[in-house]
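Report on the structure given below.
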Amino acid sequence: MAALASVAGAPDQTSESRRVGEAPLDLLVLPALIFFVAFALIPLVGVVALSFTSWDGISAITYAGTGSWTQVLNDPGTYHAIWLTFKIMIVSWLVQTPVSMLLGVFVAGHERYRAVLAVLYFLPLLLSSAAVAIAFKSLLDPNFGLSAGLHLPFLSQDWLGDPTLVFFVVIFVIAWQFVPFHTLLYQGGVRQIPASLYESAQIDGAGRVRQFFSITLPQLKYTIITSSTLILVGSLTYFDLIFVLTGGGPGNATRILALDMYLRGFKANQMGAASVIAVILVFVGLALALGIQRIGGRDRAASQLEGL
Amino acid sequence: MWALSGQPNEDIQKNSVAAFNKLGKGTMNVTFFQNDAYKTKIRTAVGAGQAPTMIYGWGGGILKSYADADQVEDLTSWLKDNADFKDKFLDATWGSATFDGKIFAIPCNNTQPIVMYYNKTQFEKAGADLPKSWDDVMNLVDVFNGKGVAPFSLGGQSKWTSMMWLEYLLDRIGGPEVFNAIFANKSDAWSDDAVIQTGQRVQELVKAKGFIKGFSSIAADSNADQALLYTGKAAMMLHGGWAYGGMKSAQPDFVKNHLAFSNFPTIAGGKGDPKNTVGNPANYWSISAKASEDEKKVAKAYLTDGLFTDKDIDAYIASGGLPVVKAAQSKLAGSDNPEFLQFIYELSSQAPNFQQSWDQALSPTQADALLNNVDQLFLLQITPEKFASNMNATLGK
Numbered sequence: 021m022a023a024l025a026s027v028a029g030a031p032d033q034t035s036e037s038r039r040v041g042e043a044p045l046d047l048l049v050l051p052a053l054i055f056f057v058a059f060a061l062i063p064l065v066g067v068v069a070l071s072f073t074s075w076d077g078i079s080a081i082t083y084a085g086t087g088s089w090t091q092v093l094n095d096p097g098t099y100h101a102i103w104l105t106f107k108i109m110i111v112s113w114l115v116q117t118p119v120s121m122l123l124g125v126f127v128a129g130h131e132r133y134r135a136v137l138a139v140l141y142f143l144p145l146l147l148s149s150a151a152v153a154i155a156f157k158s159l160l161d162p163n164f165g166l167s168a169g170l171h172l173p174f175l176s177q178d179w180l181g182d183p184t185l186v187f188f189v190v191i192f193v194i195a196w197q198f199v200p201f202h203t204l205l206y207q208g209g210v211r212q213i214p215a216s217l218y219e220s221a222q223i224d225g226a227g228r229v230r231q232f233f234s235i236t237l238p239q240l241k242y243t244i245i246t247s248s249t250l251i252l253v254g255s256l257t258y259f260d261l262i263f264v265l266t267g268g269g270p271g272n273a274t275r276i277l278a279l280d281m282y283l284r285g286f287k288a289n290q291m292g293a294a295s296v297i298a299v300i301l302v303f304v305g306l307a308l309a310l311g312i313q314r315i316g317g318r319d320r321a322a323s324q325l326e327g328l
Numbered sequence: 030m031w032a033l034s035g036q037p038n039e040d041i042q043k044n045s046v047a048a049f050n051k052l053g054k055g056t057m058n059v060t061f062f063q064n065d066a067y068k069t070k071i072r073t074a075v076g077a078g079q080a081p082t083m084i085y086g087w088g089g090g091i092l093k094s095y096a097d098a099d100q101v102e103d104l105t106s107w108l109k110d111n112a113d114f115k116d117k118f119l120d121a122t123w124g125s126a127t128f129d130g131k132i133f134a135i136p137c138n139n140t141q142p143i144v145m146y147y148n149k150t151q152f153e154k155a156g157a158d159l160p161k162s163w164d165d166v167m168n169l170v171d172v173f174n175g176k177g178v179a180p181f182s183l184g185g186q187s188k189w190t191s192m193m194w195l196e197y198l199l200d201r202i203g204g205p206e207v208f209n210a211i212f213a214n215k216s217d218a219w220s221d222d223a224v225i226q227t228g229q230r231v232q233e234l235v236k237a238k239g240f241i242k243g244f245s246s247i248a249a250d251s252n253a254d255q256a257l258l259y260t261g262k263a264a265m266m267l268h269g270g271w272a273y274g275g276m277k278s279a280q281p282d283f284v285k286n287h288l289a290f291s292n293f294p295t296i297a298g299g300k301g302d303p304k305n306t307v308g309n310p311a312n313y314w315s316i317s318a319k320a321s322e323d324e325k326k327v328a329k330a331y332l333t334d335g336l337f338t339d340k341d342i343d344a345y346i347a348s349g350g351l352p353v354v355k356a357a358q359s360k361l362a363g364s365d366n367p368e369f370l371q372f373i374y375e376l377s378s379q380a381p382n383f384q385q386s387w388d389q390a391l392s393p394t395q396a397d398a399l400l401n402n403v404d405q406l407f408l409l410q411i412t413p414e415k416f417a418s419n420m421n422a423t424l425g426k
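Here the protein sequences line up with chains W and V, keeping their order.
In terms of this note's numbering, the first sequence opens at residue 21 and continues consecutively.
In terms of this note's numbering, the second sequence opens at residue 30 and continues consecutively.
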């Protein structure tokens, strides 16, 4: 009875202690909250406010009503940038996900050669985007780049100057830079899968391909969601790489939203219009993050190791 | 004061300030920044009221936006009181610093008109003469393509490089009035027939394979376009006067024995004077309106007593540039590159019109749209008419 009583009393005790702990817990949140307000919310409000003004960065800021909004929304360049941003986002995801998943599964093994290869794969991860872009820009130069160095004439294409070709070059360079990171994620994910699952599958006579589709892929579900979120939301910030690699050109063939925002703000000195693009970017990013969370979070409570 | 890093100008500037500080008329401090970083930083600093006492710049649209916002001193009356000082400079350099008859900056550094460069070796091999007219140019395109040499080198990825072609063509076809109307934001100024013809000539040249294959992936900031000329992959190049110094340090032998240069060819029936030139007349010093009276006094003392001393002028000439003062002429003959510098001197001092580079002359908003549309024009993505209507939409912005 005594034991029962103490068990029955337990919930009360915990709720009691939670209540006691409430005040200090809230206070602990305060510093983070202050920083969040100061460095995230206030600038965000500032950007929204700026989007209703006209400012060249030098003279006085003047209220312009919805002037910047109508200007940006009536500009075909804006829709081109939005369309291009989504195109790069989707194609990047389609290219990076399978490649990094297969590489991740491959390097998750324990043989020594795989470890050596894994180190090689991770090298691009160590370079900054600007360095990657400068290196590729030189390599792709049609007259003095890789084609001249290796005497391979077929490499002498107008890589960065052809409005169609440049899109695929950008996708490739982005993939080259970010696949290592996602490979790392998948490698970690694969190593989490219990070996017993594969052992029993082998006993049941399942081949490697069958094992991949029946065990590895479903078990990697949360890794896929994490990696996809990072690729999709991250694609909104490919700014640095594209800025150095192509500057948005040729013409406006690679002028994505983030770059469009920079060029409008700091090259064309239209801070109002640039703020409008910034607000659009915030909404796209938020919508994406929430959307993916919803897809991934529906059965959040379910065990990842069902049957074990 | 803030100035641009990079030799030889960095050392010349440093020495000039050090010499001035010894005069006992006040002390200047100079900090150096890289070109692109500086352009963003100075704008932010001026906007935030944190500008250095002396603001380095390129004149034109950006200087005008500072002047409109009362951020830089109006130097007109001061220059009137110091007429001797004003008279030191080449006359063509004042235009880009003058708005509504008021002068807001003092020229400095070298004058940089845009020049046609030729690889003499390729001309000898092809048995061709240097072009004098646009028809010659179009004929040479076929001649050089037939020999497997690209007619023109072009670093099209940088966009302003392609724009230089439009600047010259428009001036030759329509004369300076056409761009002046654009500069004055007259409505539909870009629809002038001369602009359309300019666009057509450019596209004819592109279609005739006048520019090296893949020109739009070549960037001028790595000097790859200059390399194409001196390695003989291209026979001709339209480029700024500064390219001479660049090629000289990369390939001194080529510059000495195989490089020729001239003004832009004439165009039959064109209205512009064939002596006209385009480019950057000078760089400029302005004085921040936010500086204290003492700081302004020292800055003015530097301009009159520290800028373009004999030693400075010699240093600029030795580096292969033409300083923007009249006193430079007598010193050219004894320099390393008398022929080129004499040519640049005549080009800039005798030009009836020295049109400042469009992306500097126009407002930043217009310049951004301009570079984008120029690129599309060269890629044959838009017609000359579409180019004109796109640019008309930016007038007054």
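Beta carbons: idealized from backbone N, C-alpha and C, even for Gly.
Note that the structure is a prediction, hence the values are computed from the model and not measured.
Taking a cut of 8 angstroms between CB atoms, which residues from the region 150 to 178 of chain W lie near chain V? Listed by position, the residues of the region 150 to 178 of chain W near chain V (Cβ gap below 8 angstroms) are Lys157, Ser158, Leu160, Asp161, Pro162, Asn163, Phe164, Ser176, Gln177 and Asp178.
From V/Asp120, V/Met30 and V/Val46, pick the residue whose C-alpha is nearest to that of V/Ser377; which is it? Closest in C-alpha terms to V/Ser377, from the list V/Asp120, V/Met30 and V/Val46, comes V/Asp120.
Between the C-alpha atoms of W/Gly268 and W/Tyr218, what's the straight-line distance to the nearest angstrom? Each residue's alpha carbon lies about 48 angstroms from the other.
Exposure label - W/Ile297; buried when at least 16 CB within 10 Å: Counting other Cβ atoms within 10 Å of its Cβ, W/Ile297 reaches 16 or more and is therefore classed as buried.
C-alpha distance - V/Asp341 paired with V/Ser45, whole-angstrom precision: Cα to Cα, V/Asp341 sits roughly 7 angstroms from V/Ser45.
Grab me the residues of W/Phe201's own chain with a C-beta within less than 7 angstroms of its C-beta, minus the 5 sequence neighbours each way, in chain order. Cβ neighbours of W/Phe201 beyond the five flanking positions: Leu145.
Could you tell me the distance, in whole angstroms, from the CA atom of V/Ile411 to the CA atom of V/Asn401? Rounded to whole angstroms, V/Ile411 to V/Asn401 spans 11 angstroms at the Cα level.
Run through chain V and tell me which residues come within less than 8 angstroms of W/Ile78, C-beta to C-beta. Against chain V, a Cβ distance below 8 angstroms from W/Ile78 picks out Arg72, Val75, Gly76, Ser94, Tyr95, Ala98 and Gln100.
Quick one: is W/Pro270 buried, meaning 16 or more other Cβ sit within 10 Å of its Cβ, or exposed? Buried, since its Cβ has 16 or more Cβ neighbours within 10 Å.
Is any beta-carbon of chain V found at less than 8 angstroms from that of W/Gly285? With respect to chain V, the C-beta atom of W/Gly285 has no partner C-beta closer than 8 angstroms.
Go through its chain and collect everything with a Cβ distance to V/Asp380's Cβ below 7 angstroms, but skip five positions before and after it. First, the amino acid is wrong: residue 380 of chain V is Ala here, not Asp. Here the set comprises Ala121, Lys304, Asn305 and Thr306.
Is it true that the CB of W/Leu175 sits closer than 8 angstroms to the CB of W/Val189? Cβ atoms of W/Val189 and W/Leu175: not closer than 8 angstroms.
Less than 8 angstroms between the CB atoms is what I'm expecting for W/Arg275 and W/Ala101, so what's the real figure, rounded? Between W/Arg275 and W/Ala101 the beta-carbon gap is near 6 angstroms, inside 8 angstroms, which marks them as a contact.
With distances taken Cα to Cα, identify the nearest neighbour of W/Val253 among W/Ala226, W/Asp161, W/Ile312 and W/Val125. Nearest of W/Ala226, W/Asp161, W/Ile312 and W/Val125 to W/Val253, Cα basis: W/Ile312.
Within 8 angstroms, strictly: CB atoms of V/Pro136 and V/Tyr331: For the 8 angstroms CB-CB criterion, V/Pro136 and V/Tyr331 do not form a contact.
Return the residues of the region 241 to 261 of chain V that lie within a Cβ-Cβ distance of less than 9 angstroms from chain W, sorted by chain order. Here the close residues are Ile241, Lys242, Gly243, Phe244, Ser245, Ser246, Ile247, Ala248, Ser251, Ala253, Ala256, Leu257 and Thr260.
Same chain, Cβ closer than 8 angstroms to V/Leu409, neighbours up to 5 away in sequence not counted: Contacts found: Gln232, Val235 and Lys236.
According to DSSP, is V/Pro381 part of a helix, a strand, or is it coil? Residue state for V/Pro381 is assigned as coil, using DSSP reduced to three classes.
Contact check, W/Gln116 vs W/Ala195 under 8 angstroms by CB: the rounded distance? That belief holds up - the Cβ atoms of W/Gln116 and W/Ala195 are roughly 5 angstroms apart, short of 8 angstroms.
Name the one or two DSSP bridge partners that V/Phe62 has. V/Leu33.
Taking its Cβ as the centre, do 16 or more other Cβ atoms sit within 10 Å of V/Ser321, making it buried, or is it exposed? Burial check for V/Ser321: the Cβ neighbour count within 10 Å stays below 16, so the residue is exposed.
By the criterion of Cβ-Cβ separation under 8 angstroms, what are the contact partners of V/Gly185 in chain W? Listed along the chain, the chain W residues whose CB falls inside 8 angstroms of the CB of V/Gly185 are Gly181 and Pro270.
Pick out whichever of V/Glu368, V/Ser220, V/Lys242 and V/Val403 has its Cα sitting closest to the Cα of V/Ala289. Among V/Glu368, V/Ser220, V/Lys242 and V/Val403, the Cα nearest to that of V/Ala289 is on V/Glu368.
Going straight from the alpha carbon of V/Phe118 to that of V/Lys355, what length do you get? Between the alpha carbons of V/Phe118 and V/Lys355 lies a gap of roughly 6 angstroms.
Nearest residue (CA-CA) to W/Phe192, options W/Leu240, W/Leu114 and W/Leu256: Nearest of W/Leu240, W/Leu114 and W/Leu256 to W/Phe192, Cα basis: W/Leu114.
Under the rule that 16 or more other beta-carbon atoms within 10 Å means buried, what is V/Gln255, buried or exposed? The residue is buried, with at least 16 neighbouring Cβ atoms inside 10 Å.
Hey, does V/Gln410 have any beta-carbon neighbour from chain W nearer than 8 angstroms? Chain W, which has a Cβ nearer than 8 angstroms to the Cβ of V/Gln410, makes this yes.
Can you give me the Cβ contacts of W/Ser149 inside the same chain, cut-off strictly under 6 angstroms, excluding the 5 residues immediately before and after it? Around W/Ser149: Asp260 and Leu261.
Buried or exposed by the 16-neighbour rule on C-beta atoms within 10 Å, applied to W/Ile251: A residue is called buried once 16 or more other Cβ atoms fall within 10 Å of its Cβ, and W/Ile251 is buried on that count.
Please state whether DSSP places W/Gly41 in a helix, a strand or coil. For W/Gly41, the predicted model reports a pLDDT of 49, less than 50, meaning its position is unreliable; a value from the coordinates is still stated below. Secondary structure at W/Gly41: helix, using DSSP grouped into helix, strand and coil.
Do the region 142 to 154 of chain V and the region 264 to 271 of chain V touch if we need at least three Cβ pairs shorter than 8 angstroms? Verdict: yes, contact present.
Using a Cβ distance threshold of 8 angstroms, determine whether the region 60 to 74 of chain W contacts the region 285 to 303 of chain W, with at least three qualifying pairs required. Cβ pair count under 8 angstroms is three or more, so yes.
Give me the chain V residues within the contact set of W/Ala84, using Cβ-Cβ distance strictly less than 8 angstroms, ordered along the chain. In chain order: nothing, as chain V lies at least about 13 angstroms away.
Helix, strand or coil for V/Ser216? Go by DSSP, reduced to three states. DSSP places V/Ser216 in coil when its eight states are reduced to three.
Tell me whether V/Arg180 is buried or exposed, calling it buried when 16 or more other Cβ atoms sit within 10 Å of its Cβ. Position check: residue 180 of chain V holds Pro in this sequence, whereas Arg was assumed. Burial of V/Pro180 is indicated by the presence of at least 16 other C-beta atoms within 10 angstroms of its C-beta.
Near W/Arg211, what residues of its chain come up, given a Cβ to Cβ distance below 7 angstroms and the 5 sequence neighbours on each side ignored? Here the set comprises Ala128.
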